[in-house]
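Accompanying notes for the structure given below.
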Amino acid sequence: SIMVPPCGHMMGIWCRTDESRGIFKAPANETPRGVLGLSYETNMREQEMPNPKGINCIRNFASYNRGYKVWGARTLVEPDNVQWRYISVRRLISYIEKSIELGTQWVVFEPNDQDLWARVNRTVTGFLTRLWRDGALFGASPTDAFYVKCDGEINTHETMMLGRLYVEVGVCPVRPAEFVVFRISQWAPNQ
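Take the sequence shown: its position 111, counting from 1, is numbered 123 in our numbering, and each next residue is one higher.
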């Protein structure tokens, strides 16, 4: 047998988890395929030190008839940066940002007015509602899970004169009332 780094196995787990459960499911408690052994077997006590630092161990649970499992889903951000602590949250937010950016490119050819703001609100709300129904966003209702704002408050006369349209989105990927807020803007290439 040959010892290899686990990164290829991890990418396989990420892809498999994305396909079977969704991008919002943490790639943890999953079995890396083809693993015959580990160069070092970490126990629970030993894992308590690297885990808060974002080091996710692969553990051997053979004594529980569970085999090898990825035991953690943290990122390497600073420990006090709880917003981006988990891989699944970071990836979900990246997915949402890029999806909204790509899904609203059509706005650059439209008049920047209240009708457009309403259309953008409906488009983004529809997308986020689907994610909520899939279990990607937490909350008893869509209004608990996310908000979308595209109005005259954030699309001021000045931003409109610059040819920009802003939509503010807040989502709750971890627990209710804890929103990750970001803005997406669109503008014509020559402005």
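Built from N, CA and C at the ideal position, the CB exists for glycine as well.
Here the alpha carbons of residue 87 and residue 67 stand approximately 8 Å from one another.
Minimum Cα-Cα distance from residue 72 among the listed residues 51, 115 and 29 corresponds to 51.
At a Cβ-Cβ threshold of 7 Å, residue 159 and residue 138 do not count as neighbours.
Comparing alpha carbon positions, the residue from 25, 134 and 196 closest to residue 111 is 196. Per DSSP, residue 158 is one residue of the beta strand (DSSP E) stretching across 158-161. For residue 72, the uninterrupted beta strand (DSSP E) run begins and ends at 69-72, by DSSP. Secondary structure at residue 177: strand, using DSSP grouped into helix, strand and coil. Excluding sequence positions up to five before and after residue 98, its CB lies within less than 8 Å of the CB of 38, 85, 86, 87 and 186, all in the same chain and listed in chain order. With a cut-off of 8 Å on Cβ pairs, the stretch 143-157 is not in contact with the stretch 166-179, counting fewer than three such pairs. When the beta-carbon positions are compared, residue 79 and residue 43 come within less than 7 Å of each other. For residue 49 against residue 75, the beta-carbon gap comes to about 15 Å, at or over 8 Å, which does not count as contact. Per the C-alpha coordinates, the member of 178, 200 and 33 positioned closest to residue 130 is 178. Runs of the beta strand (DSSP E) lying entirely within the stretch 47-105 and spanning at least 3 residues, in chain order: 69-72 and 80-83. If you ignore the 5 residues before and after residue 193, its C-beta comes within less than 6 Å of the C-beta of 182, all in its own chain and listed in chain order.
Per DSSP, the continuous alpha helix (DSSP H) segment holding residue 143 begins and ends at 126-146. In the DSSP assignment, residue 19 falls within the alpha helix (DSSP H) that extends over 19-32. Buried is the label assigned to residue 100, since at least 16 other Cβ atoms lie within 10 Å of its Cβ. Take residue 53, set aside five residues on each side of it, and the residues of its chain with a beta-carbon closer than 7 Å to its own are 72, in chain order.
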